[in-house]
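Structure first, then comments.
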Amino acid sequence: MSLPFVITVDGQFAGQVTVGNVIRGSLCSAWVGYWVAADTVGGGVATAATAMVVDHCFIAAGLHRVEATVRPENAASLRVLEKLGFRHEGLFRRYLDVAGAWRDHLCLAVTTEDIPTGLVSRLIAAGKASSL
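The numbers in the sequence shown follow the working numbering, run straight up by one, and end at 144.
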C-alpha cells in the first residue's frame, strides 16, 4: 500500500510525495518518493514537501525510519535528501527496472534520532523555510 500526498503551489498541482511499504512491529519503517513539475524544480518545493511528509511519518504515524532510493545520476533528488539530513547507506545494484533496464540506486535513510526536532523545524532554523 502507498500513501500519495499531493503537492500544491499557489493552489496549483505541482507534484507528489508518496510513502510506501509501511512496516510496523520491530522495523517500523517506510520509503518515501517524490517528484515535482518541471516548472517547480529548483525552488525548494520538493525539499519542503518531503520534510512535511517525513515529519508526518515520524510524529503522526509513529515510524522510526524512512528511506529513499535514488539513481546515482539524479543530482537534484540527492540534493533534496542531503539537505534534509538523510544519510547515504549504500548502493543497490540493478535495483529497479527503469525504462526497460535494471538500474542501480543509492539508498539514503533518516531515523527519528537523527532529527529529534523534525525536518520542517530544521529547515526553518536554517532560514530555508518559514512557518505560517
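In this text, a Cβ means the ideal position worked out from N, Cα and C, and glycines have one as well.
Secondary structure of C40, DSSP reduced to three states:
coil
For A72 and V66, what's the separation of their Cα atoms in angstroms?
10 Å
Kindly indicate which residue of A42, S38, G37, V57 has the alpha-carbon position closest to the one of Q28.
V57
On a Cα-Cα basis, can you pick out the residue from L75, R106, D22 that is closest to G32?
L75
One question on the structure: do T59 and V21 come within less than 9 Å of each other, judged by their Cβ atoms?
no
Helix or strand or just coil, what does DSSP make of V31?
strand
Would you call the CB atoms of T81 and W47 closer than 9 Å?
no
Please go through the stretch 104 to 133 and give each complete beta strand (DSSP E) segment of 3 or more residues, from N-terminal end onward.
113 to 123
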